[in-house]
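One structure below.
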Amino acid sequence: MSDPRITSSIFTRGAVDLSALRPSTPSRPAAPAQGGPPAGVPGGATPGAGVAVIDVTEATFQSEVLERSLTTPVVIDFWAEWCEPCKQLSPVLEKLATEGGGAWVLAKVDVEANPRLAQMFRVQGIPMVFAVVGGQPIDAFSGVVPEAQLRQWIQAVLKAGGVTAEPAGDPRLDEADDALMTGDLDAAEAAYRKILAESPADAAAESGLAQVGLVRRVGATDPVAALAAAQTDPDDVEAQLLAADVEVLSGQAEAAYARLVALVRRTAGDDREKARQHLVSLFTIAGPDDPAVGKARRALASALF
Numbered sequence: 000m001s002d003p004r005i006t007s008s009i010f011t012r013g014a015v016d017l018s019a020l021r022p023s024t025p026s027r028p029a030a031p032a033q034g035g036p037p038a039g040v041p042g043g044a045t046p047g048a049g050v051a052v053i054d055v056t057e058a059t060f061q062s063e064v065l066e067r068s069l070t071t072p073v074v075i076d077f078w079a080e081w082c083e084p085c086k087q088l089s090p091v092l093e094k095l096a097t098e099g100g101g102a103w104v105l106a107k108v109d110v111e112a113n114p115r116l117a118q119m120f121r122v123q124g125i126p127m128v129f130a131v132v133g134g135q136p137i138d139a140f141s142g143v144v145p146e147a148q149l150r151q152w153i154q155a156v157l158k159a160g161g162v163t164a165e166p167a168g169d170p171r172l173d174e175a176d177d178a179l180m181t182g183d184l185d186a187a188e189a190a191y192r193k194i195l196a197e198s199p200a201d202a203a204a205e206s207g208l209a210q211v212g213l214v215r216r217v218g219a220t221d222p223v224a225a226l227a228a229a230q231t232d233p234d235d236v237e238a239q240l241l242a243a244d245v246e247v248l249s250g251q252a253e254a255a256y257a258r259l260v261a262l263v264r265r266t267a268g269d270d271r272e273k274a275r276q277h278l279v280s281l282f283t284i285a286g287p288d289d290p291a292v293g294k295a296r297r298a299l300a301s302a303l304f
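190 is the number that numbering that gives the first Met the number 0 gives to position 191 of the sequence shown; each next residue is one higher, with no gaps.
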């Protein structure tokens, strides 16, 4: 799926006219029913006190969205009870808003009950999601978006709103990491592959999957014997690869990288390519920002060319 942020150009074309919702005297939320929460605030939540999800109507839009967005980014979710895709997207948005702890607010607008709001935002299909910062829409997307992509989009909205917030942890990664730590390699591999199917460039999932492969390769290997075998026969490619794996698991990644760079230098053909690919898989475990990886990549390039 393409990046939802590509649709932001609709605002530069003047597609959203909020002038009718900006009265000279700021409106106030409707008075609460006897014993009930304020209008637009679910479950008795207090406006401005860490509210994460609110139901918004035309009567409360001025205060709950436009005025609130002056200090806190607001994400508007246009939905309807009959909309099946909305039932997929809305729960994810609500979960992320709750995780955000008030860093941003999800404003839910039922298009059936508030057709004028939908008309003003030129909503032609739902679900439709808008980000409002500083009283103005800044971005939008339509349709169902994967959770990982939603997280990235929300982080961009927060940045645009000048909000500094640590990205929330991804429970999918937590589940995969837990499986890896407990030795359930099949479950860990399946979980990491599922994440990568949804977010192909997820570096954490790539690293996790590479770790699964590493643990499987080493298995019940005797580390001392593996290193001794590699020392005895420097030309045994498989012995060198296994020794490098053992070194990485032992916290000696730089030694492993140096071992495989040297192997690339003194081999050719299929053996050389096998050593190169193995080294790259070990780089994936550490991640591209590791200084040792950067140094080893330069050494590998020199060995290859």
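Here a beta-carbon is modelled for each residue, glycine too, at the ideal position from N, C-alpha and C. Note that the coordinates shown come from a computational prediction; the quantities given were computed from them, not determined experimentally.
Output needed for residue i: all residues of its chain with C-beta closer than 6 Å, excluding positions within five of it in sequence on either side, in chain order.
i	result
residue 284	206, 209 and 210
residue 241	225
residue 129	75, 136 and 139
residue 147	197 and 198
residue 159	132 and 137
residue 171	194
residue 156	72 and 130
residue 56	113
residue 275	263
Which partner residues of residue i appear in the DSSP bridge assignment?
i	result
residue 107	54 and 76
residue 139	129
Please go through the same chain and pick out, in chain order, the residues whose beta-carbon is closer than 7 Å to the beta-carbon of residue i, but skip the five residues on each side of it.
i	result
residue 273	236
residue 176	207
residue 217	244, 245 and 248
residue 302	260, 263 and 264
residue 232	238
Report back the beta-carbon spacing between residue i and residue j to the nearest angstrom; my notes put them in contact at under 8 Å.
i	j	result
residue 86	residue 52	Going by Cβ atoms, the distance from residue 86 to residue 52 rounds to 15 Å, so no, they are not a contact pair.
residue 133	residue 69	6 Å
residue 290	residue 249	Between residue 249 and residue 290 the Cβ distance is about 19 Å, and since that is not below 8 Å, they are no contact.
residue 281	residue 299	Actually they do not touch by this definition, with Cβ atoms about 11 Å apart.
residue 79	residue 109	6 Å
residue 149	residue 105	The Cβ separation is near 11 Å, so there is no contact.
For the alpha helix (DSSP H) containing residue i, list its first residue and its last residue.
i	result
residue 269	268–285
residue 85	83–99
residue 239	236–248
residue 210	202–217
residue 182	That residue, residue 182, is in no alpha helix (DSSP H); it is neither H nor E in DSSP.
residue 231	222–231
residue 148	146–159
residue 118	114–119
residue 124	No alpha helix (DSSP H) holds residue 124; DSSP gives it neither H nor E.
residue 297	290–303
residue 254	252–265
Please work out which residues of its chain come closer than 8 Å, Cβ to Cβ, to residue i, disregarding the five sequence neighbours upstream and downstream, and give them in chain order.
i	result
residue 286	202, 206 and 292
residue 33	In this prediction, residue 33 has a pLDDT of 36, which is less than 50 and means its spatial position is unreliable; what the coordinates show is noted afterwards. Excluding sequence neighbours, residue 33 sits near nothing in its chain.
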